[in-house]
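No gaps in the numbering here: position 199 of the sequence shown is 198 in numbering that gives the first Met the number 0, and each next residue is one more.
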Amino acid sequence: MSKVVLITGASSGLGRSIAEKLSNHDFIVYGTSRNPKEIDAKYKLLKFDITEYQDAETITDYLISKHGKIDILINNAGISITGPVESSEMDDIKNLYDTNFFGHINLIQNVVPHMRKNMSGLIINITSIAGYLGLPFQSIYCASKASLNLLGESLNMELKNFNVKVVNLAPGDYKTEIIDNRRDSILDNNSPYNPEYSSFTKAVTRGMSKKGNDPREIADMVFKIINSKNPKIHYLSGKFIQKLVTLKEFIPDMIFEKIVMKMYKLK
Numbered sequence: 000m001s002k003v004v005l006i007t008g009a010s011s012g013l014g015r016s017i018a019e020k021l022s023n024h025d026f027i028v029y030g031t032s033r034n035p036k037e038i039d040a041k042y043k044l045l046k047f048d049i050t051e052y053q054d055a056e057t058i059t060d061y062l063i064s065k066h067g068k069i070d071i072l073i074n075n076a077g078i079s080i081t082g083p084v085e086s087s088e089m090d091d092i093k094n095l096y097d098t099n100f101f102g103h104i105n106l107i108q109n110v111v112p113h114m115r116k117n118m119s120g121l122i123i124n125i126t127s128i129a130g131y132l133g134l135p136f137q138s139i140y141c142a143s144k145a146s147l148n149l150l151g152e153s154l155n156m157e158l159k160n161f162n163v164k165v166v167n168l169a170p171g172d173y174k175t176e177i178i179d180n181r182r183d184s185i186l187d188n189n190s191p192y193n194p195e196y197s198s199f200t201k202a203v204t205r206g207m208s209k210k211g212n213d214p215r216e217i218a219d220m221v222f223k224i225i226n227s228k229n230p231k232i233h234y235l236s237g238k239f240i241q242k243l244v245t246l247k248e249f250i251p252d253m254i255f256e257k258i259v260m261k262m263y264k265l266k
């Protein structure tokens with residue numbers, strides 16, 4: 000019997016790549032989007048706003064009534080904001096946390112009872128390398144992804160007796176729309192954070208356009224995780240990213256900080 004998969008944020012980027020991969024391998028795939036459009040694909044795109052908590056109950060009930068189960072939940076929806084913490088708008092911070100963290104908890108709370116009842120399930124959180132490293136001018140984004148990491152790690156222990164596994168998959172830099180859709184703080188010309196912040200935004204945009212990896216790599220990793228009998232709790236994508244996270248554990252904080260600052264062309 001084909002497994003039923005629910006993927007949030009599947010209209011583009013990593014979510015779409017994952018949905019396309021799985022729908023080509025005998026999975027019944029449902030993706031979500033705030034503004035779904037007709038797509039030429041084997042999976043169905045459903046209207047869903049992760050920040051509207053009632054939507055989670057609606058979409059869960061729909062899939063349960065149609066299939067009687069949700070085998071795999073992939074929490075992929077996410078947004079990014081950048082800027083100094085001091086000048087970040089609280090409404091933007093709350094919206095980011097609603098999208099990147101609280102909305103996922105809400106969806107998990109709706110889906111897990113059905114997985115628990117069936118004594119089977121897999122939850123994959125698409126987190127970020129930013130959840131393992133502090134990055135300048137991405138403090139709020141990093142914090143939201145770190146929160147999702149620890150949520151997944153803790154939830155995996157809570158659900159062990161019900162044969163429900165939880166995995167965190169942390170991508171590095173990939174060619175997706177998140178860089179185009181991120182919300183950058185607009186600083187006054189006399190802001191004390193200029194020109195550092197200007198250098199940061201240019202470095203990020205330049206780096207993503209030149210070095211961004213193919214999102215299909217993440218789709219392949221998700222496919223392997225799903226087919227693994229005993230998946231790990233944490234997966235990091237990209238050799239450089241893996242080395243960077245490992246390096247952080249073995250060198251003094253001040254040296255690591257200098258490495259990160261240099262990456263973003265900061266003094």
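Where is the CB? At the ideal position from N, CA and C, for every residue including glycine. The structure displayed is predicted, hence computed values, not measured ones.
- Apart from the 5 residues on each side of it in sequence, residue 143 sits with its Cβ closer than 7 Å to the Cβ of 95, 96, 99, 100 in its chain, given in chain order.
- Distances from the alpha-carbon of residue 191 to those of 63, 82, 18 put 82 closest.
- In chain order, 29, 30, 31, 32, 35, 58, 61 place their CB closer than 8 Å to the CB of residue 45, counting only its own chain and leaving out the 5 sequence neighbours on each side.
- By the CB criterion at 8 Å, residue 217 and residue 170 fall inside the cutoff.
- Around residue 183, the same chain offers 80, 81, 82, 200 as residues with beta carbons nearer than 8 Å, after the five sequence neighbours per side are excluded.
- Look at residue 14 here: in three-state DSSP terms it is helix.
- The DSSP assignment places 102-117 as complete runs of the alpha helix (DSSP H) inside the stretch 90-138, in order along the chain (cut-off: 4 residues).
- For residue 50, no alpha helix (DSSP H) run applies, since DSSP gives it neither H nor E.
- Apart from the 5 residues on each side of it in sequence, residue 198 sits with its Cβ closer than 8 Å to the Cβ of 263, 264, 265 in its chain, given in chain order.
- DSSP links residue 218 through a beta bridge to no other residue.
- With respect to residue 128, residue 240 sits close: the two C-beta atoms are nearer than 8 Å.
- Taking one beta carbon from each stretch, the stretch 103-118 and the stretch 220-235 have fewer than 3 pairs nearer than 8 Å; the two do not touch.
- The beta carbons of residue 76 and residue 8 sit closer together than 8 Å.
- Residue state for residue 7 is assigned as coil, using DSSP reduced to three classes.
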